[in-house]
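Residue numbers (the UniProt record's numbering): 1 to 159.
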């Protein structure tokens, strides 16, 4: 008997990309992280076609990355605003890592367009790997390994 779970890729990266892998998706999330919650705000900021934005928002809501809240301005029909769920908040390091990589490997002549800082001290932060005791691990010391139950699968299919 074949079910939905049988159709899911074994690789967690591939499953993540099923939700996040379209170019506009991460840019929509960036806008929501910046505090833009209304369709028109997101659309105006990105210059994205309304049908594309509708599709991206639907995927993110269906995947539990965003949730909707109803609002209504005087004289207008009810609308939805979009807000990060816990799953959405946990994507902030992913967006930070992309920004960090872009600043380092695809820099603008004018310099970075934004920086990541702590709210409490204003100190610059970077994205990195932490071990199970909370210590930062240099990237050179990190390797991607297959899970013990996927020994017989190629790493690219079980990541």
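Note that the Cβ used here is the ideal one computed from N, Cα and C, for glycine as well. Note that the coordinates shown come from a computational prediction; the quantities given were computed from them, not determined experimentally.
Bridge-paired residues (DSSP) for residue i
| i | result |
| --- | --- |
| residue 124 | 117 |
| residue 130 | 136 |
C-beta contact flag for residue i and residue j at 8 Å
| i | j | result |
| --- | --- | --- |
| residue 116 | residue 33 | no |
| residue 43 | residue 53 | yes |
| residue 37 | residue 83 | yes |
| residue 136 | residue 129 | yes |
| residue 127 | residue 97 | yes |
| residue 59 | residue 25 | yes |
| residue 110 | residue 99 | no |
| residue 63 | residue 19 | yes |
| residue 71 | residue 77 | no |
| residue 15 | residue 22 | no |
Counted within 10 angstroms of its Cβ, other Cβ atoms place residue i as buried (16 or more) or exposed
| i | result |
| --- | --- |
| residue 1 | In this predicted model, residue 1 has a pLDDT of only 42, less than 50, meaning its place in the structure is not dependable enough to derive any value. |
| residue 68 | exposed |
| residue 123 | exposed |
| residue 30 | buried |
| residue 65 | buried |
| residue 47 | exposed |
| residue 125 | exposed |
| residue 88 | buried |
| residue 148 | exposed |
is_contact[residue i, chain C] using C-beta, thresh 8 Å
| i | result |
| --- | --- |
| residue 47 | Included in the structure is just one protein chain, with no chain C present. |
Output the residue ranges of the beta strand (DSSP E) runs that lie fully inside the UniProt domain "HTH hxlR-type" (11-110) and measure 3 residues or longer, sorted by chain position.
66-71 and 79-84
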